[in-house]
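Colleague: Could you have a look at this structure, given as structure tokens, before my questions?
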Amino acid sequence: MARVISGIFGPNGPSAPPATALRISTALQGIPIPWLLGGQQRLALNLIDYFDLLAAPAVTPGGKGGVGSGGTKGSGGQYFYSVSFVGGICEGPDVENTGQIYINGSPIFTKITGTSGVGPDHLIGKVNIPGAGNGGQNATVSFEAFLGDYAQPIWGYLIAAASGTLNIGGYGLIAALPFGALREIAYRGTCYIGFENFPLGPSPTLPQITLEVRSTNSGINGQLDGDPSVCISKFLTDSFRGVGFPSSRLGDTTLYSNYAQCFGLLVSPVVVSGVTASSMLDDICKATNVAPCWQDGLLTFVPYGDASQTAGQVVQVTEAHQVPLVNTNAGQINPLIQVQNFATFAGDLGVTYTNAIPFTKVTVLAPTGASPWGTPAQGQYYYGGNGKYYFNPLDVAQGINITYAYAATASYLPSTVSVYDFTIDDFLPNRATMGHGHGKQNDPVAIVRKSRDDMLNNVRVEYLDRANNYNPVLIERKDEASIVQFGRMRPSEVRPHHFFCLAAAAQQSASLQLAREQIARTFQWTVGRHFMLILELMMVCTVTNPGQGLNRQAVRVTEFRENDDGSLTITAEEYPLTLSAPIYGQQASQGYQINYDVDPGSVNAPIIFEPPAELGNGFFVWAGISGANQNWGGAVVWFSNDGVNYSRIGIQQGRSRMGKLTAGTAAVSANVTGQTIDAVNTVSVDLSASFSLLSSGTIADATNLNNAFLIDTEIMSYETATLASQYNYSLSYLVRAAYGTQISAHFAGGTFLRLDNEVFKFPFNPSQIGKTIYLKFQSFNIFEGGIQSLANVQPYTYVIQGTALASSLPQVANLRTVFNAQSGFIELWWDELTSGFSTEWRPILYEIRTGTSAAAALSLGTVAHPPFPLPGDGTFWVAGVTTPIQGVKIYSTTWSSATVSGAVLTQNVVLTYDL
């Protein structure tokens, strides 16, 4: 990564001539380039190159300006040094940005001022180093951070230095001679940072510099740490730096990803030295409580966790923290802690010291910058939103517990159902290899129990605390009951999980690892080869053998092997949950018989409405129909004008996706020039009554109304459907007032209907407007059997409104002026309203007005088709108009206008004068 740069170390005493070389401690050749797999970490700089080592007379002899001396006397303060240099950080191009810079371990105020350049962007910023200037004043140093793109340009300052065109005043030139193009290197594929004229102080020694680096491989919005499944996938399959694992052999990691997100097991792993792939993989998997295993020829990661969680579910969590020092470089006055789940923070539940003494919450943040500090005072805290907690400086270094609620960002539904119950009828002569710890040699199930000395009751984990500048912190999780019962603590070695940067994640990992330590028994038994059809690593099953006291003993399969006779020997560990009946039971004595006449049940209350003309293109009644029973398969639809005599008008196959609103949705202001996009409100809906599912689409699906739905009387369309719980969704990025409907506020309990092909539609005659019709929905089951008796079916009534007639026409488009050479007049032309509007049942004319506004304008008449010759100059307005029934006029939603001058040209000119 870097070439070796040597330095000349002078005597301890002061010397007259300035130093001629930079003293460095981190310029090593041949070391691995760090690779940040995901999240955000603090990485050290490795010096790649330096130039322009400059010396100037020290303003104050004996002063301590600069940051390179590290507290040493240097050259007695006779000279003040600065240098420009390039420091390598890590592999690119998967770097999103750089953050906080640390010099000699201390965080320094860092400001990103912009991005640049021709080609791939890179960060331009400044770092303000207190007391580092010549004379002890603060020093502001410019830098540029290149994010490791394979097309990144050469640092412009480096080009200038190589050509000798820099002009730096105030320094005696030491090593700023032109060095040519050989050192003009872009370091493509490597994230690096370049500092200009970095102040060193009285000693030409480069300080220790580290900085935060954020990876693009995080995969989780609103979190600084990354998804471990994404990190592992990158580590295994990356074509440039991965271990060469074929991506086609990597299984679906969705379950692993959801588990990590649900339980806060987010990581920021970085490869900083040579490491075996299996060791790296094993460390992350153990820390995040998953097992890597082969399933169907694919490497799959199966979580051990058995607790389920649903996206949007409110979860209570307690995080342990230490009140940090005040970051004065960031302009802070109070110590600040931001909790892990700030992105989905749902509510503050209090703060206590580690001895359980509670803090007092205050509602005003009023620091004074000096003792007595104002509010919060010692023992108090202030919550400032976005997961941020403020404390008093007198509480610095105190251990505290913050309890809060957050909404889960993913759903995790583990499989805890037993796949099969192995019994004495399934066992073959046992070919176990691990011995018979419990039972006789010929027992069908070999059982081995760990000794108490092998069962750890104290797990110790070391992580890098981001809240404490990524310094290592040791946490412990103890099984107090085991320690008391057996009178002995059996601690683990310190497990260096440095990919955890938050206390909550490390604590969760330690707790899960402690629980795994308590699994005491392992089982082995042998079965026939036909069980290969259902065996899968990490599956849950049960073992029953009364002779060994095993009655549906829950176990998890960890290994199975094929013996030379074709039989299978299964190894499993005990599983702590009580399980339900297995998926695959013993073979039944008789075949399964389907009840084709199972009762379908009645329909839910249907949602009956008339679509606007723009949607239905005629006189139609639409009905959302679903059943309250999961055996419901559809309905025969019957129609009546009098509620006595019914005629069959169609069949509904399958369910309409319908339900109720679980929360209100506010009204918004309509956009008069186009679609009304509502990116603020959401629609929360429960579809459990119809057992229906929704899927997300794209913004194009939303704006093209492919995801249209009806709530109350307003039609909308959505982009994203977020699963909150089973059959419950939150719909976002809404297109309001679709198809000419009106925007309104909606309340919990309102009706919801997805407008798709599963909605029943039938036409009516305009003469039926205002009349009551009767509908019956005769249910049948999923086998199209068990049909209800029509006499027992409840009728539903509906009064036909004629909604299509009253639907507004769209705005006239492409209004333009065209000169007619034959008549000498300018004419108005426009595109006729034809798409989606049948002129058979609603003839459309076009009214033309003139005036300053459409409302106050004078009507010039109506025409059936363009063009319309203009009588003179002025502003003209055009709208579609229809009279579907006598006395009712429907216009376009918005009038189109055009302003014209010179509408009539003079004809038959005989003579002109130029005055």
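Residue numbers (this note's numbering): 1351 to 2265. Backbone N, C-alpha and C define an ideal beta-carbon position, used for all residues, glycine too. Please read these numbers as outputs of a predicted model, since none were measured by experiment.
#1: Let's see if you can read the secondary structure: which residues bound the alpha helix (DSSP H) around Gly-1966?
#2: Output the boundary residues of the alpha helix (DSSP H) element that contains Met-1630.
#3: Between the segment 2098 to 2107 and the segment 2131 to 2141, do three or more beta carbon pairs fall short of 8 angstroms?
#4: May I have the straight-line CA-CA distance separating Arg-2005 from Ala-1955, to the nearest angstrom?
#5: Exposed or buried, what is Pro-1794 when buried is set at 16 or more other beta-carbons lying within 10 Å of its beta-carbon?
#6: For Thr-2153 and Asp-1575, I'd like the C-alpha separation in whole angstroms.
#7: From Pro-1557 to Leu-1550, what distance separates their C-alpha atoms?
#8: So Leu-1586 packs on Phe-1595, CB below 8 angstroms; how close in whole Å?
#9: Report, in whole angstroms, the separation of the C-beta atoms of Leu-1885 and Leu-1918, which I expect to be a contact under 8 angstroms.
#10: Would you say Ala-1978 faces chain B, with C-beta separation under 7 angstroms as the test?
#11: Please report the straight-line C-alpha distance between Gln-1645 and Ala-1985, rounded to a whole angstrom.
#12: Decide if Ser-2129 is buried, meaning its Cβ has at least 16 other Cβ atoms within 10 Å, or exposed.
#13: Rounded to the nearest angstrom, what separates Phe-1548 and Asn-1488 at their Cα positions?
#14: With Phe-1709 and Thr-1702 assumed to form a contact (beta carbons below 8 angstroms), what rounded beta-carbon distance in angstroms separates them?
#15: Check whether the segment 1655 to 1670 touches the segment 1735 to 1742, taking contact to mean three or more Cβ pairs, one atom from each stretch, closer than 8 angstroms.
#16: Which residues share a DSSP beta bridge with Val-1621?
#17: Of all the options Ala-1670, Met-1805 and Phe-1613, which has the alpha carbon lying nearest to the alpha carbon of Phe-1757?
#18: On the DSSP letters alone, give me the boundaries of the alpha helix (DSSP H) that Gln-1666 sits inside.
#19: Using the rule of at least 16 other Cβ atoms within 10 Å of the residue's Cβ for burial, across every protein chain shown, is Thr-1560 buried or exposed?
#20: What is the DSSP secondary structure of Lys-1318, reduced to helix, strand or coil?
#21: Taking the C-alpha atoms as reference points, what is the distance between Val-2280 and Ser-2042?
#22: Between the Cα of Gly-2201 and those of Ser-2246, Gln-2161 and Gln-2236, spot the shortest distance and give me the residue it belongs to.
#23: To the nearest angstrom, report how far apart Ser-2045 and Gly-1897 are at their CA atoms.
#24: Exposed or buried, which one is Phe-2218 when buried takes at least 16 other CB atoms within 10 Å?
#25: Are the CB atoms of Thr-1668 and Asn-1751 nearer to each other than 7 angstroms?
#26: Quick one: using the 10 Å Cβ neighbour count with 16 as the cut-off for buried, is Gln-1672 buried or exposed?
#27: For Pro-1578, which of Gln-1835, Gly-1485 and Phe-1850 has the nearest alpha-carbon?
#28: Looking only at its chain, what residues have a beta carbon closer than 6 angstroms to the beta carbon of Gln-2151, apart from the 5 residues adjacent to it on each side?
#29: At the level of alpha carbons, what is the spacing between Val-2085 and Val-2035?
#30: Would you please state the rounded distance, in angstroms, between the beta carbons of Ile-1398 and Tyr-1500? I believe it to be under 8 angstroms.
#31: Run the CB neighbour count on Glu-1843, radius 10 Å, all protein chains shown included, and call it buried at 16 or more, exposed below.
#32: Locate the alpha helix (DSSP H) running through Val-2168, then write down its first and last residues.
#33: Could you check the C-alpha separation between Thr-2091 and Leu-1965 for me, to the nearest Å?
#34: Quick one: complete beta strand (DSSP E) runs, 3+ long, within the segment 2060 to 2117?
#35: Confirm, please, whether the CB-CB distance from Gly-1977 to Met-2008 is below 7 angstroms.
#36: One question on the structure: do Glu-1923 and Thr-1876 come within less than 7 angstroms of each other, judged by their Cβ atoms?
Modeller: Quick answer:
#1: Element bounds for Gly-1966: 1963 to 1966.
#2: 1627 to 1637
#3: Because the criterion of three Cβ pairs below 8 angstroms is not met, the segment 2098 to 2107 and the segment 2131 to 2141 do not touch.
#4: 13 angstroms
#5: Around the CB of Pro-1794, 16 or more other CB atoms lie within 10 Å, so the residue is classed as buried.
#6: 53 angstroms
#7: Counting only the Cα atoms, Leu-1550 lies some 8 angstroms from Pro-1557.
#8: 4 angstroms
#9: 7 angstroms
#10: This model lacks chain B altogether; it includes just one protein chain.
#11: 43 angstroms
#12: buried
#13: Cα-Cα distance, rounded: 12 angstroms.
#14: 6 angstroms
#15: no
#16: Trp-1385
#17: Rather than Phe, the amino acid found at residue 1757 in this sequence is Ala. Of the residues Ala-1670, Met-1805 and Phe-1613, the one whose Cα lies closest to the Cα of Ala-1757 is Phe-1613.
#18: First-last for Gln-1666: 1664 to 1672, but that is the beta strand (DSSP E), not the alpha helix (DSSP H).
#19: buried
#20: Examination of residue 1318 is not possible in this model, given that the chain is present from 1351 through 2265 alone.
#21: Since the first and last residues shown for the chain are 1351 and 2265, residue 2280 lies out of range.
#22: A check of alpha carbon separations from Gly-2201 across Ser-2246, Gln-2161 and Gln-2236 identifies Ser-2246 as the nearest.
#23: 52 angstroms
#24: buried
#25: yes
#26: Buried: at least 16 other Cβ atoms inside 10 Å.
#27: Phe-1850
#28: These residues qualify, in order along the chain: Glu-1960.
#29: Each residue's CA atom was taken as its position, placing Val-2085 and Val-2035 some 16 angstroms apart.
#30: Not confirmed; about 17 angstroms, so no contact.
#31: exposed
#32: That residue, Val-2168, is in no alpha helix (DSSP H); its beta strand (DSSP E) goes 2163 to 2170.
#33: 10 angstroms
#34: Taken in chain order, the complete beta strand (DSSP E) segments of 3 or more residues contained in the segment 2060 to 2117 are 2064 to 2075, 2078 to 2086, 2101 to 2104 and 2110 to 2113.
#35: No, these two residues do not count as a Cβ contact at 7 angstroms.
#36: no
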